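Heads up: the sequence shown is residues 2 to 108, going by my numbering. One structure below.
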Amino acid sequence: MFLEAVQFLIHALEGIGILVIVAGFLVATAMWLRNLTRNSMHENYVAYRRQSVRGLVLGLEFLVAADIIKTVAVDYTLESVLMLGMIILIRSFLVFTLHLEIKNHED
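Below, the structure is given as C-alpha coordinates:
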(Lines of atoms letter the chains of each structure in order from A and count residues from 1; the text may use other names and numbers.)
(Lines give C-alpha, C1' and ligand atoms only; values in the text may rest on other atoms or scores of the structure.)
Protein backbone atom coordinates (compact mmCIF):
# COMPACT_ATOMS: atom_id res chain seq x y z
CA MET A 1 0.00 0.00 0.00
CA PHE A 2 2.75 2.46 0.98
CA LEU A 3 4.87 1.70 -2.08
CA GLU A 4 1.85 2.10 -4.34
CA ALA A 5 1.13 5.52 -2.84
CA VAL A 6 4.79 6.53 -3.23
CA GLN A 7 4.83 5.32 -6.85
CA PHE A 8 1.68 7.34 -7.52
CA LEU A 9 3.28 10.42 -5.95
CA ILE A 10 6.44 9.94 -8.02
CA HIS A 11 4.48 9.63 -11.26
CA ALA A 12 2.32 12.62 -10.32
CA LEU A 13 5.38 14.79 -9.66
CA GLU A 14 7.00 13.68 -12.91
CA GLY A 15 3.80 14.41 -14.81
CA ILE A 16 3.44 17.82 -13.20
CA GLY A 17 7.06 18.61 -14.02
CA ILE A 18 6.57 17.71 -17.67
CA LEU A 19 3.30 19.66 -17.87
CA VAL A 20 4.92 22.73 -16.29
CA ILE A 21 7.79 22.63 -18.79
CA VAL A 22 5.45 22.25 -21.77
CA ALA A 23 3.07 24.92 -20.43
CA GLY A 24 6.00 27.27 -19.88
CA PHE A 25 7.06 26.95 -23.50
CA LEU A 26 3.49 27.33 -24.73
CA VAL A 27 2.94 30.47 -22.64
CA ALA A 28 6.28 31.89 -23.77
CA THR A 29 5.42 31.20 -27.41
CA ALA A 30 1.96 32.77 -27.05
CA MET A 31 3.47 35.87 -25.44
CA TRP A 32 6.10 36.06 -28.19
CA LEU A 33 3.45 35.85 -30.90
CA ARG A 34 1.27 38.45 -29.14
CA ASN A 35 4.17 40.90 -28.82
CA LEU A 36 5.60 40.24 -32.28
CA THR A 37 4.38 43.54 -33.70
CA ARG A 38 4.65 45.57 -30.47
CA ASN A 39 8.33 45.19 -29.57
CA SER A 40 11.62 44.79 -31.36
CA MET A 41 12.76 41.31 -32.30
CA HIS A 42 15.52 41.44 -29.68
CA GLU A 43 13.09 42.43 -26.90
CA ASN A 44 10.75 39.62 -27.93
CA TYR A 45 13.63 37.14 -27.96
CA VAL A 46 14.79 38.16 -24.48
CA ALA A 47 11.24 37.97 -23.12
CA TYR A 48 10.73 34.57 -24.76
CA ARG A 49 13.94 33.19 -23.27
CA ARG A 50 13.13 34.57 -19.83
CA GLN A 51 9.60 33.13 -19.81
CA SER A 52 10.57 29.73 -21.20
CA VAL A 53 13.47 29.42 -18.74
CA ARG A 54 11.13 30.11 -15.83
CA GLY A 55 8.88 27.25 -16.87
CA LEU A 56 11.87 24.98 -17.41
CA VAL A 57 13.33 25.75 -13.98
CA LEU A 58 10.03 25.16 -12.20
CA GLY A 59 9.46 21.91 -14.08
CA LEU A 60 12.95 20.70 -13.20
CA GLU A 61 12.21 21.30 -9.52
CA PHE A 62 9.28 18.87 -9.71
CA LEU A 63 11.41 16.31 -11.55
CA VAL A 64 14.20 16.55 -8.96
CA ALA A 65 11.65 16.08 -6.16
CA ALA A 66 10.34 12.95 -7.90
CA ASP A 67 13.88 11.58 -8.27
CA ILE A 68 14.65 12.19 -4.60
CA ILE A 69 11.48 10.46 -3.43
CA LYS A 70 12.08 7.58 -5.83
CA THR A 71 15.61 7.02 -4.56
CA VAL A 72 14.89 7.41 -0.86
CA ALA A 73 11.59 5.52 -0.66
CA VAL A 74 11.82 2.91 -3.42
CA ASP A 75 15.34 2.15 -4.72
CA TYR A 76 17.61 2.66 -1.75
CA THR A 77 20.80 1.10 -3.16
CA LEU A 78 24.28 2.55 -3.53
CA GLU A 79 23.91 2.65 -7.30
CA SER A 80 20.59 4.52 -7.13
CA VAL A 81 21.95 6.99 -4.58
CA LEU A 82 24.99 7.70 -6.77
CA MET A 83 22.75 8.09 -9.81
CA LEU A 84 20.52 10.46 -7.87
CA GLY A 85 23.57 12.48 -6.83
CA MET A 86 24.65 12.82 -10.46
CA ILE A 87 21.14 13.78 -11.58
CA ILE A 88 20.86 16.39 -8.83
CA LEU A 89 24.29 17.82 -9.67
CA ILE A 90 23.48 18.09 -13.36
CA ARG A 91 20.01 19.55 -12.80
CA SER A 92 21.27 21.92 -10.10
CA PHE A 93 23.97 23.20 -12.44
CA LEU A 94 21.37 23.64 -15.16
CA VAL A 95 18.99 25.47 -12.82
CA PHE A 96 21.84 27.67 -11.56
CA THR A 97 22.90 28.67 -15.06
CA LEU A 98 19.29 29.30 -16.06
CA HIS A 99 18.78 31.51 -13.00
CA LEU A 100 21.91 33.47 -13.94
CA GLU A 101 20.56 33.89 -17.45
CA ILE A 102 17.23 35.19 -16.15
CA LYS A 103 18.98 37.59 -13.79
CA ASN A 104 21.30 38.89 -16.53
CA HIS A 105 18.37 39.55 -18.85
CA GLU A 106 16.41 41.35 -16.12
CA ASP A 107 19.30 43.72 -15.33
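We put the CB at the ideal spot given by N, CA and C, even for glycine. All values reported here derive from a predicted model rather than from experimental measurement.
Cβ pair residue i, residue j closer than 8 Å
i     : j      : result
TYR49 : ALA29  : yes
VAL47 : LEU99  : no
LEU61 : VAL96  : yes
LEU90 : THR72  : no
ARG35 : ILE103 : no
Extent of the continuous alpha helix (DSSP H) run through residue i
i     : result
VAL47 : 42–70
ALA13 : 3–35
Sequence-distant residues of the same chain with beta carbon closer than 7 Å to residue i, five excluded per side
i     : result
PHE26 : SER53 and GLY56
LEU37 : ASN45
VAL21 : GLY56, LEU59, GLY60 and PHE63
Same chain, Cβ closer than 8 Å to residue i, five either side skipped, listed in chain order
i     : result
LEU14 : PHE63, LEU64, ALA66, ALA67 and ILE70
VAL75 : LEU4, VAL7, GLN8 and ILE11
ARG39 : none
Nonlocal neighbours in the same chain, by C-beta distance under 6 Å from residue i, ignoring five residues either side
i      : result
ILE17  : PHE63
ILE110 : Look at the range of the chain in this structure, 2 to 108, and you will see that residue 110 is not part of it.
Short CB-CB distance (under 8 Å) between residue i and chain C
i     : result
ILE88 : Annotation note: the requested chain C is absent from the structure, which comprises a single protein chain.
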